[in-house]
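Everything in the sequence shown is counted per full-length UniProt numbering, starting at 1 for the first residue and increasing by one.
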Amino acid sequence: MDKLKQIEAFVSVVEKGSLAAAALEENITPVMLGRRIDALEKRLGTKLMHRTTRHLTLTEQGSVFLDHCRKLLGDIEVAEKSIAEGRHKATGHLVVSTPAAYGRLHVAPHAPAFLANHPEVQISFNLTDRVVDLVREGYDLGIRIGGAIEPSFVAVKLAGNRRVVCAAPEYLHRNGIPKTLDDLAQHNCLAFNLQGGQQRGWYFQQNGKPVIIRAQGNLDCNDGELLHRWASEGLGLAWRSTWEIQSQLASGELITVLDEYALPHYDIMAVYPQQRHLPAKTRFFIDYLKEVYSQPDYWTRP
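Right, here's the structure in full:
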């Protein structure tokens, strides 16, 4: 027999004053309720109450046990209420991992407005270009841009995005516009480098198949914002995400080339471990970012 049901039966009988009244409240028979109390006393090895047809009297041990049982049931009620509220009201500590530049520009700046509407939430951001292990490292949510998502995770699209080759008009005027991927060999490509100076390739799609180009140039670094700045200054071609350069594309400060080779899907996604009930703090923050990004002029604002 369930221990919790035995405890609930004991408290109910004491508070209602009789088996009959408690059984009516619980919508079970007095006999069944009596069996639960008998089982409880047998398990504890002590008499908790003296029962007659008209009176119910607690023993000394029963009085002590009653206080503990009431506290236990009260704690359970508080715990269940907090979980129920957590599904509908955003509370608690939200830990978010996001790519450094993207988080700096498009995630962290929106946190104050979100917290103003959800004052019982605390947010911690980890801005890193490393793909973190959300579960092992204790994150509630990760922001990812493109790439494969593990089967044990849920991915929610926040906004569309593409990776494009771009340059300032003056660079293209001086050096010409590349028409094919082979033409990149004749251009100064501002590449992202890895540890030891090895350059990371640029990814494209050609004839329906992925292609990696080892872009070469006289400048490379491991900081995307610096590559963006160099491209804006007319120093070469850069392979950047539209979330980073959309306002400059709209103003004509940067121009894309080789668009027909761009990867079709490089979306911005919110990623979290699969779970039966997603906490409100996580669900509300995802919904809030989607709402912000859906504003018609959001990505083209200077």
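Ideal placement from N, C-alpha and C gives every residue a C-beta, glycine not left out. Keep in mind that this is a model prediction, so the values were computed, not measured.
Judged by DSSP in its simplified three-state form, G74 adopts helix. Scanning its chain for C-beta atoms nearer than 6 angstroms, with the 5 sequence neighbours on each side dropped, one finds around V156 the residues A270 and I286, in chain order.
With a minimum length of 4 residues, the unbroken runs of alpha helix (DSSP H) contained wholly in the region 122-202 fall at 169-175. Where W243 is concerned, the enclosing alpha helix (DSSP H) starts and stops at T242 to S251. By the Cβ rule, the region 257-276 counts as touching the region 148-168, because three or more pairs are nearer than 8 angstroms. Separation of L263 and D220 (C-alpha to C-alpha, rounded to the nearest whole angstrom) is 22 angstroms. Among the bridge pairs identified by DSSP, R104 is matched with none. By the criterion of a C-beta distance shorter than 6 angstroms, L227 is surrounded in its chain by L190 and A238, once the five residues flanking it on both sides are discounted. About 5 angstroms separates the beta carbon of A280 from that of A90, a gap short enough to meet the 8 angstroms contact definition.
Counting only residues of its own chain and dropping the five nearest sequence neighbours on each side, L181 has a CB closer than 8 angstroms to the CB of F204, Q206, V211, I213, L258 and Y261.
Comparing alpha carbon positions, the residue from A167, S97, E25 and N117 closest to L235 is A167. Around the beta-carbon of I37, 16 or more other beta-carbon atoms lie within 10 Å, marking it buried. Counting C-beta atoms within 10 angstroms of its own C-beta, S124 has fewer than 16 neighbours from the protein chains shown and is therefore classed as exposed. Listed in chain order, the non-local C-beta contacts of Q216 below 8 angstroms within the same chain comprise A185, C189, A191 and Q199, local neighbours out to five positions each way being set aside. With the rule of 3 Cβ pairs closer than 8 angstroms, the region 58-76 counts as touching the region 9-22. Nearest to R162 by C-alpha distance, out of A23, Y171, H265 and I245, is H265.
The straight-line gap separating the alpha-carbon atoms of K290 and P169 is approximately 33 angstroms. Among the bridge pairs identified by DSSP, A238 is matched with C166 and L190. The three-state secondary structure of P30, taken from DSSP, is helix.
Inclusion of D267 and G146 in the CB contact set at 8 angstroms is warranted, their separation being smaller than that value. Taking the C-beta atoms as reference points, I143 is found nearer than 8 angstroms to G103. Taking A20 as the centre and dropping the five residues before and after it, the same chain places the C-beta of P30 closer than 6 angstroms to its C-beta, in chain order. A270 sits in a strand when the DSSP states are folded into three classes. Residue burial is scored here from C-beta neighbours: R240 has at least 16 other C-beta atoms within 10 angstroms and is therefore classed as buried.
Annotated three-state conformation of K209 is strand, per DSSP.
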